[in-house]
Amino acid sequence: MSVAGRLKKKDYEAALAPLQEELVGMARWAKATGARIVVLFEGRDTAGKGGAIRAVSSYLNPRQCRTVALGPPSAREQGEWYFQRYVQHLPSTGEIVLFDRSWYNRAGVEKVMGYATSAQVEQFLAQAPAFERMLVDDGILLFKYWLTCDQEQQEERLRERLEDPLKRWKLSPVDLAARAKYEAYSKARAAMLEATHSRHAPWTLVDFNDQKLGRLTLIRNLLDRLPDTRVDPPEIVIEPLEKAPAVEEFRLIEPIPPYEVP
1 MSVAGRLKKK DYEAALAPLQ EELVGMARWA KATGARIVVL FEGRDTAGKG GAIRAVSSYL
61 NPRQCRTVAL GPPSAREQGE WYFQRYVQHL PSTGEIVLFD RSWYNRAGVE KVMGYATSAQ
121 VEQFLAQAPA FERMLVDDGI LLFKYWLTCD QEQQEERLRE RLEDPLKRWK LSPVDLAARA
181 KYEAYSKARA AMLEATHSRH APWTLVDFND QKLGRLTLIR NLLDRLPDTR VDPPEIVIEP
241 LEKAPAVEEF RLIEPIPPYE VP
């Protein structure tokens with residue numbers, strides 16, 4: 001998709017605002033009903049997982065909505081049941097957990113980059129549907145999203161990360177090594193979808209070649225798949241102050257000088 005054909009920022013922000021208001025209502029509904037929500041964000045490097053997660057969570061209470069982005073497993077975790085380190089991050093009553101990559105690392109990055117053996121990958125693909133069946137049967141609302149991205153867009157975003165000092169931290173030698181394995185990731189994804197796309201835990205693929213449009217599409221889909229989440233906020237009345245507003249007073253320490261805008 002050309003730059004000219006992408007959703008403009010002002011149009012994106014105008015469309016996003018009412019969706020985020022619905023997300024706030026969804027969180028209020030989860031707290032009121034005790035719903036437990038898990039959303040997995042998967043996709044290639046640069047697909048836009050981080051931006052999508054921020055779009056979902058930016059106005060939600062961080063005590064209720066958590067983002068989980070696990071690093072490589074420790075030596076101890078490598079000796080545990082594969083799913084074990086993810087279980088401890090699952091939501092409790094009324095919580096929402098957003099996984100920035102998830103247990104599906106084993107079927108993607110670990111498989112393609114050789115961090116897991118063929119036997120480990122096959123075992124994972126056999127166990128994942130049963131694991132997710134247990135989550136769903138226990139009442140967890142599980143949503144699995146794969147963010148799609150053409151190689152041309154991936155190349156553009158990798159160059160942007162290299163040239164932008166604010167995004168340079170996102171670029172690592174692993175990203176560059178994975179860059180040459182676009183087709184291998186496609187094959188790994190196909191095998192993953194075939195083994196783990198189920199009626200109780202289906203996959204949803206979202207086109208993220210235009211990341212702004214992709215975020216809107218994902219959020220709308222997520223909200224549409226939840227029950228009616230309309231829960232009115234509690235009525236709060238802010239009474240007028242009994243006297244004139246106070247001004248801050250300082251004795252021991254004064255505020256530092258304000259920043260001088262260039």
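Going by full-length UniProt numbering, the first residue of the sequence shown is number 1, and it counts up by one from there.
Idealized CB from N, CA, C, for every residue including glycine.
None of these values were measured; they are calculated from a predicted model.
Roughly how many whole angstroms lie between the Cα atoms of residue i and residue j?
i, j, result
"ARG230", "GLY34", "14 angstroms"
"ALA69", "SER102", "8 angstroms"
"ARG215", "ILE236", "32 angstroms"
"SER2", "ARG76", "Confidence at SER2 is low in this model, with a pLDDT of 44, below 50, so the placement of that residue is unreliable and no value is reported for it."
"ALA52", "ALA195", "25 angstroms"
"GLY139", "GLN154", "37 angstroms"
"GLN151", "LYS10", "27 angstroms"
"TRP146", "TRP29", "26 angstroms"
"GLN123", "ASP100", "22 angstroms"
"LYS212", "ASP224", "19 angstroms"
Please look up how many angstroms separate the CB atoms of residue i and residue j, rounded, as I've assumed it's under 8 angstroms.
i, j, result
"ALA188", "ALA107", "6 angstroms"
"GLY43", "PHE250", "Between PHE250 and GLY43 the Cβ distance is about 50 angstroms, and since that is not below 8 angstroms, they are no contact."
"LEU98", "VAL39", "5 angstroms"
"ARG6", "ASP210", "5 angstroms"
"ALA116", "GLU110", "4 angstroms"
Provide the residue span of the beta strand (DSSP E) that contains residue i, from first to last.
i, result
"ARG66", "65–68"
"ASP207", "203–207"
"PHE143", "141–148"
"ASP100", "96–100"
What are the boundary residues of the alpha helix (DSSP H) that includes residue i?
i, result
"ASP232", "ASP232 -> no alpha helix (DSSP H), and no H or E assigned at all."
"VAL38", "Premise fails: VAL38 lies in the beta strand (DSSP E), 37–43, not in any alpha helix (DSSP H)."
"GLN211", "211–224"
"GLU242", "No alpha helix (DSSP H) holds GLU242; DSSP gives it neither H nor E."
"ILE53", "49–57"
"LYS10", "9–33"
"LEU158", "151–163"
"MET134", "118–137"
"GLN78", "75–78"
"MET192", "182–196"
"GLN84", "84–87"
"ALA178", "173–179"
"VAL237", "Element bounds for VAL237: n/a, residue is neither H nor E."
Does the beta-carbon of residue i, which I'm using as the reference point, lie nearer than 7 angstroms to any heavy atom of the ligand SAH?
i, result
"PHE208", "This structure lacks the ligand SAH, and indeed carries no ligand of any kind."
Please return the same chain residues whose Cβ sits closer than 8 angstroms to the Cβ of residue i, not counting the five positions on each side in sequence.
i, result
"ALA177", "MET113"
"ALA191", "ALA107 and LEU125"
"LYS181", "VAL112 and MET113"
Quick one: residues in its chain with C-beta nearer than 6 angstroms to the C-beta of residue i, no 5 flanking neighbours on either side, listed in chain order?
i, result
"LEU135", "LEU142"
"TYR59", "GLN20 and VAL24"
In its own chain, which residues sit with a C-beta less than 7 angstroms from the C-beta of residue i, not counting the 5 before and 5 after it?
i, result
"GLN64", "ALA27, LYS31, GLY94, GLU95 and ILE96"
"HIS89", "VAL68 and VAL97"
"LYS167", "GLU160 and ARG161"
Taking Cβ positions only, does residue i come closer than 8 angstroms to chain C?
i, result
"ARG168", "Among the chains of the structure shown, chain C does not appear; only one protein chain is present."
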